[in-house]
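Student: Take this structure first; my questions come after.
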Amino acid sequence: MEIGQVIGATTLRGFRFVIKEGMEEYVKRDEFVSVKEAVTGNDILGIIKEITISNELLPDEFGRDLRLGDIVLNEGEYPVPTVKILGYEHENGLELPRYGIKPGSPVRLANDEILKRILKQDEDKAAFIGTISTRERVPVYVSINDIISRHCAVLAMTGAGKSYTVGVLIEELLKKKGSVVVFDPHGEYKNIKFNDSTTKVYGVKGEHRIKIETTSLRIGDFSNLIPDITDPQRDLLDEIINNLASKFYEKYDLGIIRKILSLIYDAKDGKEIISDELPETSIKELSKRVGLSTIGALMRRIDRLSRMGIFEMEGTPLEEIVSGNQLTVIDLSDADERLSETIIAAISRKIFESRKLYVKDGEGSSRIPTFLIIEEAHNFAPKSMEDRRILSKSILKKIAREGRKFGVGLCIVSQRPNKLDADILSQCNTQIIMKIVNPSDQEYIRQSVESVTEDVVRDLPSLSRGEAIISGSAIRLSVPVKIRERTTSVGGEDIDIVGEWRKNSNNLQTG
Ligand SMILES: Nc1ncnc2c1ncn2[C@@H]1O[C@H](COP(=O)(O)OP(=O)(O)O)[C@@H](O)[C@H]1O
Ligand SMILES: [Mg+2]
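So the sequence shown is numbered by this note's numbering: it starts at 196 and just counts up by one.
See below:
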């Protein structure tokens with residue numbers, strides 16, 4: 196369908212056109228159009244990015260003295276759309292034109308088929324996540340292999356629809372019998388129910404508690420978990436872990452650390468040391484270098500850790516966390532930041548290391564690739580301006596860099612992009628970006644993410660809830676997408692504040 200004609204000077208990047216009478220309704224932002232290239236006759240696809248409307252009776256100079264009454268002004272009013280050229284179809288992709296477009300060329304509405312063809316992916320390996328914003332008939336797919344092996348980032352301000360979109364992605368991955376692990380600081384994912392897949396939920400309290408193998412904790416993990424640990428206590432714990440526990444036990448738990456502390460205490464006290472596992476001389480030697488109060492205080496702190504019931508001899512078996520056709524939710528809503536960091540670090544480390552072992556050396560039983568989703572990622576992989584080291588960051592960085600080789604994918608979700616580690620962000624090769632109004636977040640994304648250009652950034656504030664711009668390696672063409680509806684229940688919806696107040700006041704009156 197012809198909707199207008201090219202006017203003015205054109206370039207290889209874009210052109211402007213005038214609209215044919217009666218075609219105004221089709222001409223809107225983000226609509227796709229096509230024109231013929233001069234010389235080659237190639238069909239060039241473009242997208243309307245701007246519409247300027249001028250009226251010859253109302254030039255800029257009129258300014259603020261405008262008083263118009265009932266004068267008819269439509270005559271001489273010209274909307275002029277600006278089109279950004281996307282390219283012509285060439286070997287499964289789009290190529291930018293080389294010859295240019297002649298002024299006067301007819302402009303047509305691009306037909307759905309072209310867009311479908313360009314966005315098409317092997318359905319066996321693609322996730323259906325929505326439709327083009329301006330074309331409800333054109334489905335948008337992203338490549339699952341790409342999303343997982345080359346990571347993705349979901350970025351937007353609060354309430355724009357990040358978690359909802361991640362839910363859509365999870366649904367699609369589970370349709371392919373995938374393995375997904377989500378670290379969920381707000382407990383938003385635990386209610387997702389599937390017909391043909393399992394949701395397994397672990398928390399930090401109660402019956403289904405996540406368990407972390409104590410032997411896997413390093414001294415940094417301990418000091419992170421015990422924020423009030425003093426330097427002498429830390430040094431003592433360091434010695435116990437590195438020179439005693441890990442030397443003389445294949446595996447240990449907090450009980451064993453506690454037992455070693457008691458032996459040191461006894462040695463200090465002049466009592467006899469009886470231990471089958473540990474050499475008396477080491478205990479005695481260590482006891483000479485610490486004070487009784489340090490030992491006592493460290494004992495109390497280790498007891499406090501024990502009471503959490505999370506750090507044990509054996510961790511939750513990896514096969515239970517990473518399993519085909521399963522969403523595993525690590526619900527961190529009852530954990531503080533430090534505990535969350537430790538859990539994320541410990542589990543990601545275990546998943547990564549065991550996949551590495553399996554892929555490189557064929558050892559262990561980590562047979563399937565998995566996808567890790569980190570909500571509130573700015574807290575767990577922040578830029579280095581922080582005053583303390585964030586434990587989870589180094590392993591997340593490692594996965595971002597090397598996960599591809601071992602089939603461990605990362606999905607970073609954040610409402611504060613400019614607080615994210617730039618390295619990790621730039622390793623996320625697919626971006627799902629939704630409404631963002633904060634200029635410093637916009638600027639940071641533009642700088643850190645290759646596929647995000649100036650004009651993508653310019654569009655971010657105008658996106659509506661549930662609308663995203665998807666770009667990067669998992670999609671053929673960067674397009675504005677209306678995310679599809681979820682098929683599973685959502686959870687974590689906004690609270691209807693006024694409704695709750697009304698309900699409360701009704702209860703007060705009747706009760
Ligand atoms: N594509 C969508 N379709 C319908 N509702 C949506 C969509 N995206 C988000 N919502 C709704 O908007 C609200 C905020 O979405 P949410 O995903 O929690 O935002 P965010 O995680 O970015 O803070 C939720 O109530 C959610 O159900
Ligand atoms: Mg959210």
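Note that the Cβ used here is the ideal one computed from N, Cα and C, for glycine as well.
Remember, it's a predicted structure, so these values are computed and weren't measured experimentally.
#1: Since P427 and V485 should fall inside the 8 Å C-beta cutoff, what is the C-beta to C-beta distance between them, to a whole number of angstroms?
#2: Thinking C-beta only, is L620 closer than 8 Å to V644?
#3: With a threshold of 7 Å, establish whether the CB of T523 neighbours any heavy atom of ligand 3.
#4: Counting beta carbon pairs with one atom in the segment 628-640 and one in the segment 376-390, are three or more of them shorter than 8 Å?
#5: If you follow the beta strand (DSSP E) that T425 is in, where does it begin and where does it stop?
#6: To the nearest angstrom, how far is the alpha carbon of T410 from that of I435?
#7: Expressed to the nearest angstrom, what Euclidean distance is found between the alpha-carbon atoms of M508 and K483?
#8: Just the C-alpha distance for S457 and T489, rounded to the nearest angstrom, thanks.
#9: Would you call the CB atoms of D618 and K600 closer than 8 Å?
#10: Output the distance between the C-alpha atoms of E515 and T537, rounded to the nearest integer angstrom.
#11: Check whether the Cβ of V357 lies closer than 7 Å to any heavy atom of ligand 2, and answer yes or no.
#12: Taking C-alpha atoms, which residue in V361, Y460, Y336 and G661 lies nearest to I478?
#13: What's the gap between the Cα of K372 and the Cα of A322?
#14: Can you give the Cα-Cα distance for R224 and R611, rounded to whole angstroms?
#15: Is Y273 closer than 8 Å to I243 when the C-beta atoms are compared?
#16: Can you tell which of E558, S579, N250 and G602 has its C-alpha closest to the C-alpha of I339?
#17: Tell me which residue opens and which closes the alpha helix (DSSP H) that E344 is part of.
#18: Only counting the same chain, and skipping five residues up and downstream in sequence, which positions put a Cβ closer than 8 Å to that of N633?
#19: Grouping DSSP H, G and I as helix and E and B as strand, with all else coil, what is K231?
#20: Closest to R709 by CA distance: which of L522, V361, D529 and K588 is it?
#21: Could you name the residues of the same chain whose beta carbon sits closer than 8 Å to that of R544, not counting the 5 residues immediately before and after it, in chain order?
#22: Tell me the rounded alpha-carbon separation between T565 and V517.
#23: Which stretch, first to last residue, makes up the alpha helix (DSSP H) that contains K551?
#24: Please state if the CB of V222 and the CB of I202 are separated by a distance shorter than 8 Å.
#25: Taking contact to mean 3 or more Cβ pairs, one atom from each stretch, closer than 8 Å, check whether the segment 286-300 and the segment 655-669 are in contact.
#26: Applying the 10 Å Cβ sphere with the 16-neighbour rule, what's the burial state of N624?
#27: With a threshold of 8 Å between beta-carbons, can A233 be considered close to chain D, or not?
#28: With 16 other CB atoms within 10 Å as the buried threshold, where does V302 fall?
#29: Report the residue ranges of all beta strand (DSSP E) runs contained in full by the segment 197-252; include only those spanning at least 3 residues, in chain order.
#30: Where does the unbroken beta strand (DSSP E) through G288 begin, and where does it stop?
#31: Measuring alpha carbon to alpha carbon, tell me which residue in P276, L658 and V234 is nearest I214.
#32: Determine, using beta carbons only, whether V377 and E570 come nearer to each other than 8 Å.
#33: Let's see if you can read the secondary structure: which residues bound the beta strand (DSSP E) around T523?
Tutor: Working from what's here:
#1: 7 Å
#2: yes
#3: The model on display carries ligand 1 and ligand 2 but not ligand 3.
#4: no
#5: Premise fails: T425 is in no beta strand (DSSP E) and is neither H nor E.
#6: 12 Å
#7: 29 Å
#8: 12 Å
#9: no
#10: 19 Å
#11: A small correction: the amino acid at residue 357 is Lys; Val does not occupy that position in the sequence shown. Yes, since a heavy atom of ligand 2 falls inside the 7 Å radius drawn around the Cβ of K357.
#12: Y460
#13: 12 Å
#14: 27 Å
#15: no
#16: G602
#17: The displayed chain sequence assigns Ser, not Glu, to residue 344. I339 to S344 is the extent of the alpha helix (DSSP H) around S344.
#18: M352 and N613
#19: strand
#20: In this structure the chain extends from 196 to 706, so residue 709 is not present and cannot be described.
#21: S411 and I590
#22: 7 Å
#23: E532 to D556
#24: no
#25: no
#26: buried
#27: The structure shown has no chain D; it contains just one protein chain.
#28: buried
#29: 197-202, 209-214, 227-231 and 238-250
#30: G288 to E290
#31: P276
#32: yes
#33: Q521 to D526
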